[in-house]
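Notes follow the structure.
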Amino acid sequence: MLPQNKHNPMMIRFLVLCALSLSVCWAGESGSASLNAGSPATPEHLELFLLVGQSNMAGRGVLAASDRQPDPRILVFGKDDRWVSQGEPIHFDKPEIAGVGLGFTFARIVADQMPGITVGLVPCAVGGTPISRWKPGGDLFEEAVRRAKLAKRAGRLRGILWHQGESEASGVTSSDAYRKSLVEVVNGFRKALEQPEVPFIVGEIGQYTMEEGHVPKFPSARQINEAIDDLPAFVPCAAVVSSSGLGDKGDGVHFSAEALKELGKRYFEAWLSVAQPGR
35 MLPQNKHNPM
45 MIRFLVLCAL
55 SLSVCWAGES
65 GSASLNAGSP
75 ATPEHLELFL
85 LVGQSNMAGR
95 GVLAASDRQP
105 DPRILVFGKD
115 DRWVSQGEPI
125 HFDKPEIAGV
135 GLGFTFARIV
145 ADQMPGITVG
155 LVPCAVGGTP
165 ISRWKPGGDL
175 FEEAVRRAKL
185 AKRAGRLRGI
195 LWHQGESEAS
205 GVTSSDAYRK
215 SLVEVVNGFR
225 KALEQPEVPF
235 IVGEIGQYTM
245 EEGHVPKFPS
255 ARQINEAIDD
265 LPAFVPCAAV
275 VSSSGLGDKG
285 DGVHFSAEAL
295 KELGKRYFEA
305 WLSVAQPGR
(Lines of atoms letter the chains of each structure in order from A and count residues from 1; the text may use other names and numbers.)
(Lines give C-alpha, C1' and ligand atoms only; values in the text may rest on other atoms or scores of the structure.)
Protein backbone atom coordinates (compact mmCIF):
# COMPACT_ATOMS: atom_id res chain seq x y z
CA MET A 1 0.00 0.00 0.00
CA LEU A 2 1.30 3.45 -0.88
CA PRO A 3 1.91 5.88 1.99
CA GLN A 4 -0.89 8.38 2.48
CA ASN A 5 1.35 11.38 3.23
CA LYS A 6 0.56 13.82 0.44
CA HIS A 7 4.16 15.03 0.41
CA ASN A 8 5.66 11.55 0.06
CA PRO A 9 7.80 11.34 -3.13
CA MET A 10 6.50 7.86 -3.96
CA MET A 11 2.93 9.07 -3.77
CA ILE A 12 3.68 12.11 -5.93
CA ARG A 13 5.37 9.91 -8.54
CA PHE A 14 2.43 7.49 -8.52
CA LEU A 15 -0.13 10.26 -8.95
CA VAL A 16 1.80 11.94 -11.77
CA LEU A 17 2.13 8.67 -13.68
CA CYS A 18 -1.55 7.91 -13.21
CA ALA A 19 -2.56 11.36 -14.40
CA LEU A 20 -0.29 11.17 -17.43
CA SER A 21 -1.58 7.72 -18.30
CA LEU A 22 -5.18 8.89 -18.08
CA SER A 23 -4.43 11.94 -20.19
CA VAL A 24 -3.15 9.76 -23.02
CA CYS A 25 -5.34 6.69 -22.63
CA TRP A 26 -7.24 7.66 -25.76
CA ALA A 27 -4.21 6.52 -27.74
CA GLY A 28 -5.45 2.98 -27.20
CA GLU A 29 -3.73 0.05 -28.82
CA SER A 30 -1.28 1.19 -31.46
CA GLY A 31 -1.15 -0.52 -34.82
CA SER A 32 2.64 -0.22 -34.79
CA ALA A 33 2.98 -3.66 -33.27
CA SER A 34 2.25 -5.22 -36.65
CA LEU A 35 4.81 -3.10 -38.51
CA ASN A 36 7.99 -4.61 -39.86
CA ALA A 37 11.25 -2.89 -38.98
CA GLY A 38 11.81 0.08 -41.24
CA SER A 39 8.29 0.10 -42.64
CA PRO A 40 6.45 3.43 -42.90
CA ALA A 41 3.50 4.14 -40.67
CA THR A 42 0.61 6.62 -40.55
CA PRO A 43 0.02 6.80 -36.80
CA GLU A 44 -2.23 8.96 -34.70
CA HIS A 45 -2.14 10.07 -31.07
CA LEU A 46 1.59 9.64 -30.48
CA GLU A 47 3.32 10.96 -27.38
CA LEU A 48 6.10 12.98 -29.00
CA PHE A 49 9.59 13.88 -27.84
CA LEU A 50 11.97 16.13 -29.76
CA LEU A 51 15.66 15.18 -29.51
CA VAL A 52 18.08 18.04 -30.13
CA GLY A 53 21.74 18.87 -29.54
CA GLN A 54 25.01 17.42 -30.74
CA SER A 55 26.71 14.02 -30.88
CA ASN A 56 25.99 12.82 -27.35
CA MET A 57 22.29 13.25 -28.07
CA ALA A 58 22.62 11.69 -31.51
CA GLY A 59 24.45 8.78 -29.91
CA ARG A 60 27.87 7.33 -30.58
CA GLY A 61 27.64 4.27 -28.32
CA VAL A 62 28.83 0.95 -29.71
CA LEU A 63 25.88 -1.00 -31.11
CA ALA A 64 25.00 -4.55 -30.06
CA ALA A 65 22.68 -6.73 -32.13
CA SER A 66 19.94 -6.32 -29.53
CA ASP A 67 20.11 -2.52 -29.84
CA ARG A 68 18.99 -2.74 -33.46
CA GLN A 69 15.69 -4.41 -32.60
CA PRO A 70 12.60 -2.19 -32.93
CA ASP A 71 10.08 -1.80 -30.14
CA PRO A 72 6.43 -1.92 -31.29
CA ARG A 73 5.58 0.84 -28.80
CA ILE A 74 8.06 3.30 -30.35
CA LEU A 75 8.03 5.02 -33.73
CA VAL A 76 10.78 7.23 -35.15
CA PHE A 77 10.30 10.23 -37.43
CA GLY A 78 12.88 9.39 -40.08
CA LYS A 79 15.07 11.59 -42.24
CA ASP A 80 12.43 11.55 -44.99
CA ASP A 81 9.80 12.88 -42.55
CA ARG A 82 7.98 9.55 -42.35
CA TRP A 83 7.21 7.48 -39.27
CA VAL A 84 9.02 4.15 -39.12
CA SER A 85 9.38 1.28 -36.69
CA GLN A 86 13.09 0.77 -36.09
CA GLY A 87 15.75 0.20 -33.48
CA GLU A 88 19.04 1.99 -32.91
CA PRO A 89 20.58 4.07 -34.36
CA ILE A 90 17.71 6.52 -34.68
CA HIS A 91 19.75 9.58 -35.66
CA PHE A 92 20.98 10.07 -39.21
CA ASP A 93 23.34 13.03 -38.91
CA LYS A 94 26.44 10.91 -39.57
CA PRO A 95 25.32 7.40 -40.60
CA GLU A 96 28.85 6.01 -40.69
CA ILE A 97 29.37 6.60 -36.96
CA ALA A 98 25.81 6.70 -35.61
CA GLY A 99 25.26 4.44 -32.62
CA VAL A 100 23.39 3.95 -29.38
CA GLY A 101 21.87 7.11 -27.95
CA LEU A 102 19.83 8.00 -24.89
CA GLY A 103 16.51 8.59 -26.67
CA PHE A 104 15.49 5.00 -27.29
CA THR A 105 16.02 3.96 -23.67
CA PHE A 106 14.07 7.03 -22.58
CA ALA A 107 11.19 6.09 -24.88
CA ARG A 108 11.11 2.51 -23.64
CA ILE A 109 10.78 3.66 -20.05
CA VAL A 110 7.99 6.08 -20.96
CA ALA A 111 6.17 3.21 -22.69
CA ASP A 112 6.80 0.88 -19.73
CA GLN A 113 5.40 3.40 -17.26
CA MET A 114 2.36 4.34 -19.36
CA PRO A 115 0.98 1.15 -20.93
CA GLY A 116 -1.19 1.52 -23.99
CA ILE A 117 0.56 4.53 -25.52
CA THR A 118 2.89 4.80 -28.50
CA VAL A 119 5.94 7.04 -28.19
CA GLY A 120 7.08 9.07 -31.19
CA LEU A 121 10.71 10.18 -31.28
CA VAL A 122 11.73 13.10 -33.49
CA PRO A 123 15.53 12.91 -33.83
CA CYS A 124 17.20 16.16 -34.92
CA ALA A 125 20.60 16.19 -33.18
CA VAL A 126 23.72 16.81 -35.27
CA GLY A 127 27.21 16.00 -34.05
CA GLY A 128 29.86 18.68 -33.65
CA THR A 129 27.45 21.62 -33.71
CA PRO A 130 27.70 24.87 -31.72
CA ILE A 131 24.76 26.29 -29.81
CA SER A 132 24.57 29.25 -32.22
CA ARG A 133 23.04 26.95 -34.85
CA TRP A 134 20.32 25.96 -32.37
CA LYS A 135 19.17 29.48 -31.59
CA PRO A 136 16.12 30.97 -33.36
CA GLY A 137 17.17 31.75 -36.92
CA GLY A 138 19.90 29.12 -36.90
CA ASP A 139 19.69 26.42 -39.56
CA LEU A 140 19.40 23.52 -37.10
CA PHE A 141 16.78 25.31 -35.03
CA GLU A 142 14.66 25.97 -38.10
CA GLU A 143 14.98 22.38 -39.33
CA ALA A 144 14.08 20.94 -35.93
CA VAL A 145 11.03 23.20 -35.71
CA ARG A 146 9.96 22.20 -39.21
CA ARG A 147 10.21 18.50 -38.39
CA ALA A 148 8.54 18.91 -35.02
CA LYS A 149 5.57 20.72 -36.57
CA LEU A 150 5.14 17.92 -39.10
CA ALA A 151 5.43 15.29 -36.38
CA LYS A 152 2.81 17.06 -34.26
CA ARG A 153 0.19 16.16 -36.86
CA ALA A 154 0.39 12.65 -35.37
CA GLY A 155 0.24 13.58 -31.69
CA ARG A 156 1.24 16.02 -28.98
CA LEU A 157 4.72 17.13 -28.03
CA ARG A 158 5.36 15.99 -24.47
CA GLY A 159 8.94 17.09 -24.05
CA ILE A 160 12.17 18.38 -25.58
CA LEU A 161 15.37 16.52 -24.72
CA TRP A 162 18.58 18.50 -25.15
CA HIS A 163 22.23 17.50 -24.88
CA GLN A 164 24.84 19.93 -26.16
CA GLY A 165 27.76 21.98 -24.94
CA GLU A 166 30.91 20.08 -25.83
CA SER A 167 31.54 22.48 -28.72
CA GLU A 168 31.55 25.49 -26.39
CA ALA A 169 33.51 23.58 -23.74
CA SER A 170 36.32 23.07 -26.24
CA GLY A 171 36.92 26.83 -26.37
CA VAL A 172 36.78 29.72 -23.94
CA THR A 173 33.15 30.16 -22.89
CA SER A 174 31.82 31.69 -19.68
CA SER A 175 28.91 30.27 -17.70
CA ASP A 176 26.94 33.46 -18.27
CA ALA A 177 27.44 33.36 -22.03
CA TYR A 178 26.35 29.75 -22.38
CA ARG A 179 23.42 30.20 -20.01
CA LYS A 180 22.17 33.17 -22.01
CA SER A 181 22.37 31.15 -25.22
CA LEU A 182 20.64 28.16 -23.67
CA VAL A 183 17.75 30.29 -22.41
CA GLU A 184 17.37 31.63 -25.96
CA VAL A 185 17.19 28.06 -27.26
CA VAL A 186 14.55 27.01 -24.72
CA ASN A 187 12.37 30.07 -25.25
CA GLY A 188 12.81 29.85 -29.01
CA PHE A 189 11.58 26.27 -29.28
CA ARG A 190 8.65 26.88 -26.95
CA LYS A 191 7.53 29.95 -28.87
CA ALA A 192 7.95 28.40 -32.32
CA LEU A 193 6.07 25.25 -31.32
CA GLU A 194 3.41 27.22 -29.42
CA GLN A 195 3.89 25.26 -26.20
CA PRO A 196 5.26 27.75 -23.66
CA GLU A 197 5.52 25.20 -20.86
CA VAL A 198 6.57 22.05 -22.68
CA PRO A 199 9.12 20.26 -20.44
CA PHE A 200 12.70 20.97 -21.49
CA ILE A 201 15.25 18.46 -20.20
CA VAL A 202 18.96 19.28 -20.34
CA GLY A 203 21.84 16.92 -19.63
CA GLU A 204 25.25 17.84 -18.29
CA ILE A 205 28.19 17.17 -20.57
CA GLY A 206 30.38 14.29 -19.40
CA GLN A 207 32.15 15.02 -16.14
CA TYR A 208 35.09 13.03 -17.49
CA THR A 209 35.83 16.11 -19.62
CA MET A 210 37.02 17.82 -16.44
CA GLU A 211 39.41 15.07 -15.43
CA GLU A 212 43.17 15.40 -15.67
CA GLY A 213 44.22 14.75 -19.23
CA HIS A 214 40.99 16.07 -20.75
CA VAL A 215 41.11 19.65 -19.47
CA PRO A 216 43.25 20.94 -22.38
CA LYS A 217 40.62 19.56 -24.79
CA PHE A 218 37.68 21.02 -22.85
CA PRO A 219 38.92 24.08 -20.94
CA SER A 220 35.39 25.40 -20.34
CA ALA A 221 33.68 22.14 -19.39
CA ARG A 222 33.08 23.22 -15.81
CA GLN A 223 31.58 26.53 -16.92
CA ILE A 224 29.22 24.78 -19.35
CA ASN A 225 27.91 22.42 -16.68
CA GLU A 226 27.48 25.30 -14.23
CA ALA A 227 25.29 27.06 -16.79
CA ILE A 228 23.31 23.88 -17.43
CA ASP A 229 22.79 23.27 -13.72
CA ASP A 230 21.44 26.81 -13.29
CA LEU A 231 18.89 26.61 -16.11
CA PRO A 232 15.79 25.77 -13.98
CA ALA A 233 16.30 29.04 -12.11
CA PHE A 234 15.91 30.98 -15.36
CA VAL A 235 13.11 29.16 -17.21
CA PRO A 236 10.07 27.24 -15.93
CA CYS A 237 9.39 23.56 -16.52
CA ALA A 238 13.05 22.72 -17.07
CA ALA A 239 15.06 19.97 -15.42
CA VAL A 240 18.72 18.99 -15.40
CA VAL A 241 20.21 15.51 -15.76
CA SER A 242 23.47 14.81 -13.92
CA SER A 243 26.28 13.01 -15.73
CA SER A 244 27.93 12.01 -12.47
CA GLY A 245 29.56 8.59 -12.58
CA LEU A 246 29.07 8.09 -16.31
CA GLY A 247 32.01 7.10 -18.45
CA ASP A 248 33.16 7.79 -21.98
CA LYS A 249 33.67 5.27 -24.78
CA GLY A 250 37.42 5.73 -24.65
CA ASP A 251 37.73 8.88 -26.74
CA GLY A 252 37.24 11.37 -23.91
CA VAL A 253 34.34 12.98 -25.79
CA HIS A 254 31.42 10.59 -26.19
CA PHE A 255 29.51 8.65 -23.57
CA SER A 256 29.71 4.87 -23.76
CA ALA A 257 26.65 2.86 -24.77
CA GLU A 258 26.15 1.82 -21.14
CA ALA A 259 26.38 5.44 -19.99
CA LEU A 260 23.90 6.60 -22.64
CA LYS A 261 21.36 4.01 -21.55
CA GLU A 262 21.75 5.22 -17.97
CA LEU A 263 21.33 8.78 -19.22
CA GLY A 264 18.07 7.73 -20.84
CA LYS A 265 16.83 6.57 -17.45
CA ARG A 266 17.92 9.82 -15.82
CA TYR A 267 16.25 11.88 -18.53
CA PHE A 268 13.00 10.05 -17.82
CA GLU A 269 13.20 10.82 -14.10
CA ALA A 270 13.96 14.45 -14.87
CA TRP A 271 11.08 14.67 -17.35
CA LEU A 272 8.71 13.08 -14.86
CA SER A 273 9.66 15.71 -12.29
CA VAL A 274 8.29 18.52 -14.46
CA ALA A 275 5.74 16.78 -16.71
CA GLN A 276 2.12 17.72 -16.23
CA PRO A 277 -0.83 16.25 -18.14
CA GLY A 278 -2.70 18.51 -20.49
CA ARG A 279 0.27 20.59 -21.62
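In my numbering, the protein residues as written are 35 to 313. Glycine included, every Cβ here is placed at the ideal spot set by N, Cα and C. Remember, predicted model here, so these are calculated numbers, not experimental data.
Leaving out the 5 sequence neighbours to the left and right, which residues in its chain are closer than 6 Å to residue i when beta-carbon positions are compared?
i	result
Y242	D282
V29	Absent from the model: residue 29. The displayed extent of the chain is 35 to 313, so no value can be given.
V308	P233, C271 and A273
V144	V153
I108	A141 and V153
E218	K169
F252	A203, S204 and T243
G286	H248
G112	V118
F302	F140 and I143
Thinking residue i and residue j are a contact (beta carbons under 8 Å), I'd like their distance in whole angstroms, please.
i	j	result
L191	L227	6 Å
A92	D114	So it is not a contact: roughly 17 Å between Cβ atoms.
S278	V206	The pair is not a contact, with the Cβ atoms about 25 Å apart (cut-off 8 Å).
Sorted by chain position, which residues of the same chain lie with C-beta nearer than 7 Å to residue i's C-beta, five sequence neighbours on each side aside?
i	result
A182	L84, V156, L191 and L227
R102	G121 and E122
S166	G172
H125	A92, G93, A132, G135, P157 and A159
L280	G240, F289, A293, E296 and L297
K186	L82
P266	A272, A273 and V274
Name the two residues that bound the continuous alpha helix (DSSP H) containing residue i.
i	result
A92	S89 to A92
R142	G137 to Q147
I165	Per DSSP, I165 belongs to no alpha helix (DSSP H) and is neither H nor E.
Y212	S209 to A226
L184	D173 to A185
E246	Neither: E246 is in no alpha helix (DSSP H) and is coded neither H nor E.
R256	A255 to D264
So the beta strand (DSSP E) residue i belongs to, where does it begin and stop?
i	result
F111	I108 to F111
State yes or no: is the C-beta of residue i within less than 7 Å of the C-beta of residue j?
i	j	result
R213	D146	no
G298	L136	yes
A293	V275	no
M203	I151	The displayed chain sequence assigns Ala, not Met, to residue 203. Not closer than 7 Å, so no.
G87	Q198	yes
A291	G162	no
Starting from residue i, follow its DSSP beta bridges and name the residues at the other end.
i	result
E81	V153 and R190
W196	V86 and V236
F289	D282
A273	I235
V134	G95
Might you give, ordered along the chain, the residues of its own chain that have their beta carbon closer than 8 Å to the beta carbon of residue i, omitting 5 neighbours on each side?
i	result
S209	Q257, I258, E260, A261 and D264
L177	Per the sequence presented here, residue 177 reads as Glu, with Leu not at that position. Excluding sequence neighbours, E177 sits near C158.
P250	none
R300	G237, V275 and S276
S201	Q88, G162, T163, P164 and I165
L97	E122, P123, G133, V134 and A291
V179	F223, A226 and L227
When every heavy atom of the ligand ZN is checked, does at least one fall within less than 6 Å of the C-beta of residue i?
i	result
D101	What this structure holds is no ligand at all, so the ligand ZN is not there to describe.
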